[in-house]
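S.K.: The structure that follows is given in the form of structure tokens.
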């Protein structure tokens, strides 16, 4: 039964292979970023940009996938921004105790190698 369920959901949600020619055809005609735009996207996030983004968040809305509402971020945002900025500045030498979760990085305890899982 387990194998049947695995096969069913693998077929249902599995991706199909796409040829290089097919990908090029799909992407043909879409706008492309200039080299300057690509370089701008690789710049470090500044505290001003982060503060501006938090302040633009709508109030009275449901929290996002991280569970944090706009009100929470606006109220405690200064602390969260400082923590984020400290992390982003040290990202060039990543600490192995930080793990990406849903596009964000959270500190995690390292598992002991002696644990059974």
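In my numbering, the protein residues as written are 271 to 387. All C-beta atoms, glycine included, are put in the ideal place defined by N, C-alpha and C.
(1) Drop a sphere of 10 angstroms on the beta-carbon of residue 343, count the other beta-carbons inside from all chains shown, and report buried for 16 or more, exposed for fewer.
(2) Counting C-beta neighbours from all protein chains within 10 Å, is the total for residue 340 16 or more, i.e. buried, or is it exposed?
(3) Is there a Cβ from chain B that is less than 7 angstroms from the Cβ of residue 288?
(4) Mind the definition here: the stretch 303-312 touches the stretch 326-338 only if three or more C-beta pairs lie below 8 angstroms; say whether that holds.
(5) Does the beta-carbon distance from residue 351 to residue 320 come in below 7 angstroms?
(6) Where does the unbroken alpha helix (DSSP H) through residue 316 begin, and where does it stop?
(7) Roughly how many angstroms lie between the CA atoms of residue 295 and residue 288, to the nearest whole one?
(8) Which residue wins for smallest C-alpha separation from residue 347, given the options 299, 330, 323?
M.R.: Looking at the coordinates:
(1) Along the chain shown, read from residue 1 onward, the residue named residue 343 stands at position 73. That one is buried.
(2) Locating residue 340 in the chain shown gives position 70, where the first residue counts as 1. It is buried - the Cβ of residue 340 has at least 16 other Cβ atoms within 10 Å.
(3) In the structure shown, chain B does not exist; there is a single protein chain.
(4) no
(5) On the chain shown, position 81 is the one that residue 351 refers to. On the chain shown, position 50 is the one that residue 320 refers to. Between residue 351 and residue 320, the gap from beta carbon to beta carbon is short of 7 angstroms.
(6) Position 46 of the chain shown, counting from 1, holds the residue named residue 316. Looking at the DSSP string, residue 316 is not in any alpha helix (DSSP H), and its letter there is neither H nor E.
(7) Against the chain shown, residue 295 aligns to sequence position 25. Against the chain shown, residue 288 aligns to sequence position 18. Straight-line Cα distance between these residues: approximately 11 angstroms.
(8) The residue given as residue 347 occupies position 77 in the chain shown. For the residues 299, 330, 323, the minimum Cα distance to residue 347 belongs to 323.
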